[in-house]
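From first to last, the protein sequence lines are chains L and G.
Residues in the first sequence are numbered consecutively from 3, following my numbering.
Residues in the second sequence are numbered consecutively from 3, following my numbering.
Cβ atoms here follow ideal geometry from the backbone N, Cα and C, with glycine treated the same way.
This one's a predicted model, so the numbers in the text were calculated from it and none came from an experiment.
Heads up, the thing below is written out as structure tokens.
Protein chains: 2
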Amino acid sequence: MKEGVRSIGIDDGPFARDSKGDVLVVGAVFKGGTWFDGLLSTKVRKDGWNATDRLVSMLCASKFIRQLHYVILDGIALGGFNVVDLDRLNKETGLKIMVSMRKMPDMRAVKKAVMNLSRWKSRWKMILSAGRIYPVGGIFCQLRGMDENEALELLKLTTTRSNLPEPLRAAHLIAGGLVRGQSGKRA
Amino acid sequence: MKEGVRSIGIDDGPFARDSKGDVLVVGAVFKGGTWFDGLLSTKVRKDGWNATDRLVSMLCASKFIRQLHYVILDGIALGGFNVVDLDRLNKETGLKIMVSMRKMPDMRAVKKAVMNLSRWKSRWKMILSAGRIYPVGGIFCQLRGMDENEALELLKLTTTRSNLPEPLRAAHLIAGGLVRGQSGKRA
Numbered sequence: 003m004k005e006g007v008r009s010i011g012i013d014d015g016p017f018a019r020d021s022k023g024d025v026l027v028v029g030a031v032f033k034g035g036t037w038f039d040g041l042l043s044t045k046v047r048k049d050g051w052n053a054t055d056r057l058v059s060m061l062c063a064s065k066f067i068r069q070l071h072y073v074i075l076d077g078i079a080l081g082g083f084n085v086v087d088l089d090r091l092n093k094e095t096g097l098k099i100m101v102s103m104r105k106m107p108d109m110r111a112v113k114k115a116v117m118n119l120s121r122w123k124s125r126w127k128m129i130l131s132a133g134r135i136y137p138v139g140g141i142f143c144q145l146r147g148m149d150e151n152e153a154l155e156l157l158k159l160t161t162t163r164s165n166l167p168e169p170l171r172a173a174h175l176i177a178g179g180l181v182r183g184q185s186g187k188r189a
Numbered sequence: 003m004k005e006g007v008r009s010i011g012i013d014d015g016p017f018a019r020d021s022k023g024d025v026l027v028v029g030a031v032f033k034g035g036t037w038f039d040g041l042l043s044t045k046v047r048k049d050g051w052n053a054t055d056r057l058v059s060m061l062c063a064s065k066f067i068r069q070l071h072y073v074i075l076d077g078i079a080l081g082g083f084n085v086v087d088l089d090r091l092n093k094e095t096g097l098k099i100m101v102s103m104r105k106m107p108d109m110r111a112v113k114k115a116v117m118n119l120s121r122w123k124s125r126w127k128m129i130l131s132a133g134r135i136y137p138v139g140g141i142f143c144q145l146r147g148m149d150e151n152e153a154l155e156l157l158k159l160t161t162t163r164s165n166l167p168e169p170l171r172a173a174h175l176i177a178g179g180l181v182r183g184q185s186g187k188r189a
């Protein structure tokens with residue numbers, strides 16, 4: 003893997019559990035493991051159905067799309083349970099996808115939460131279709147367009163400052179700092 | 003200067019020339035020249051008078067205030083001509099201040115622009131009170147709480163990816179990516 007390979011880490015901002023409406027989503031583009039190269043942003047409906055569409059639009063409309071190779075997501079859903087369709091994201095952007103999870107998800111708890119939401123069977127089916135969860139380099143991953151070896155290489159290249167890939171750590175800090183700044187909460 | 007010294011680069015997002023209201027301002031906290039450590043944000047009134055108050059609140063309410071040493075501003079004003087009072091910012095935050103400018107400002111053009119705005123004499127006085135402009139390490143700076151030698155050290159430590167201090171480059175990319183993302187424009 004080239005040292006300067008570009009990846010984008012995508013995370014959502016914090017939101018109140020009883021909130022409605024849109025949730026901020028940011029994507030931090032990195033060249034290699036320490037070079038911050040740009041920021042993309044969009045919004046997704048909390049517990050809605052538009053996460054895949056919004057990510058595809060955000061990525062394909064960006065000047066970074068031609069240089070990017072990898073998308074790193076913090077879990078399979080944004081804005082609560084607005085589930086990302088990994089196959090569509092992979093096919094419609096041409097990018098390789100890694101869903102990063104710090105621990106093995108408790109699928110029973112996930113199913114219980116999903117059952118409280120609209121069209122829960124479709125949502126649960128999307129979550130299951132994300133497929134096999136691999137332990138890779140100390141975290142857990144779901145993958146599209148790459149195998150475990152490539153995932154391990156990507157993690158080695160990008161995990162430079164913490165136990166998370168740098169693009170994901172940056173996206174998390176940026177989304178959090180923005181939402182808190184606008185709500186006046188201490189960052 | 004310690005390698006891990008923390009600085010915050012502050013920049014505003016893009017806005018239409020004929021727009022009114024608030025402009026997004028973000029601050030990117032860095033440890034040294036490559037370690038992104040966190041994000042703060044606020045809003046200032048376009049061509050208004052609240053930039054100093056907003057920056058003081060943003061910085062003093064943040065968990066980073068105790069670790070921060072330096073503030074790097076991209077010019078003396080945010081959101082058009084919402085001028086920052088460098089003395090107040092320095093005294094009320096306890097931080098050392100560097101205003102970074104890529105070229106020597108054309109003061110005649112600045113004065114002409116300011117004369118079209120409310121209370122232009124007070125505004126112009128604030129701009130003049132920012133004081134002497136030093137050429138330091140290829141850019142131009144106004145300083146509070148530090149001398150030219152310390153400014154040069156700060157620039158050497160933080161200018162790692164371009165001809166701009168990294169905290170300022172990151173703040174610029176983040177503010178731009180957010181405003182464009184929310185307006186649907188290509189980033």
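- Judged by DSSP secondary structure, serine 185 of chain L falls within the alpha helix (DSSP H) whose first and last residues are 168-185.
- The closest CA to that of isoleucine 74 of chain L, considering only L:Phe32, L:Met106, L:Lys127, is found on L:Phe32.
- By alpha-carbon distance to alanine 18 of chain G, the top candidate from G:Lys48, G:Pro169, G:Val85, G:Ile78 is G:Lys48.
- If you check the CB distance, leucine 26 of chain G and leucine 70 of chain G do not come in under 9 angstroms.
- Each residue's CA atom was taken as its position, placing lysine 127 of chain G and valine 116 of chain L some 60 angstroms apart.
- Nearest to glycine 40 of chain G by alpha-carbon distance, out of G:Ser164, G:Tyr136, G:Phe66, is G:Phe66.
- The Cβ atoms of glutamine 144 of chain G and leucine 91 of chain G do not sit closer than 9 angstroms to each other.
- The DSSP-derived three-state label of methionine 3 of chain G is coil.
- Contact between leucine 130 of chain G and threonine 95 of chain G is absent: CB atoms are separated by about 22 angstroms, not below the 8 angstroms threshold.
- Using a CB distance below 7 angstroms, the part of the region 158-183 of chain G facing chain L consists of Arg163, Ala172, Leu175, Ile176, Gly179, Leu180, Gly183, ordered along the chain.
- Less than 9 angstroms separates the beta-carbon of isoleucine 10 of chain G from that of tyrosine 72 of chain G.
- Of all residues in the region 87-109 of chain L, none has a C-beta nearer than 9 angstroms to a C-beta of chain G.
- Of G:Gly179, G:Ile78, G:Val181, G:Thr160, the smallest CA-CA separation from arginine 8 of chain G is found for G:Thr160.
- Taking a beta-carbon distance threshold of 9 angstroms, leucine 42 of chain G counts as an interface residue toward chain L.
- Among the residues of the region 125-136 of chain G, none has a Cβ less than 7 angstroms away from any Cβ of chain L.
- The beta carbon of lysine 48 of chain G sits no closer than 9 angstroms to any beta carbon of chain L.
- The beta carbon of alanine 177 of chain G sits closer than 8 angstroms to the beta carbons of Asp13, Asp14, Gly15, Pro16, Leu26, Val27, Val28 from its chain, once the five residues preceding and following it are set aside; these are given in chain order.
- In the three-state reduction of the DSSP assignment, threonine 36 of chain G falls in the coil class, being assigned neither a helical nor a strand state.
- Nearest to glycine 183 of chain G by alpha-carbon distance, out of L:Phe38, L:Ser124, L:Arg56, is L:Arg56.
- Boundaries cannot be given for arginine 104 of chain G, as no alpha helix (DSSP H) includes it and DSSP labels it neither H nor E.
- Between the alpha carbons of glycine 23 of chain G and alanine 173 of chain G lies a gap of roughly 21 angstroms.
- The Cβ neighbour count for glutamate 168 of chain L, taken over all protein chains shown within 10 Å, is at least 16; the residue is labelled buried.
- Separation of the CB atoms of aspartate 76 of chain L and serine 59 of chain L is rounded to 19 angstroms, and the pair is thereby denied contact status at 8 angstroms.
- Contacts between threonine 36 of chain G and chain L, judged by CB atoms closer than 7 angstroms, involve Thr36 in chain order.
- When DSSP states are grouped into helix, strand and coil, alanine 63 of chain L belongs to the coil group.
- Distance check between arginine 121 of chain G and each of G:Leu80, G:Asp149, G:Val85 places G:Val85 closest, using alpha-carbon atoms only.
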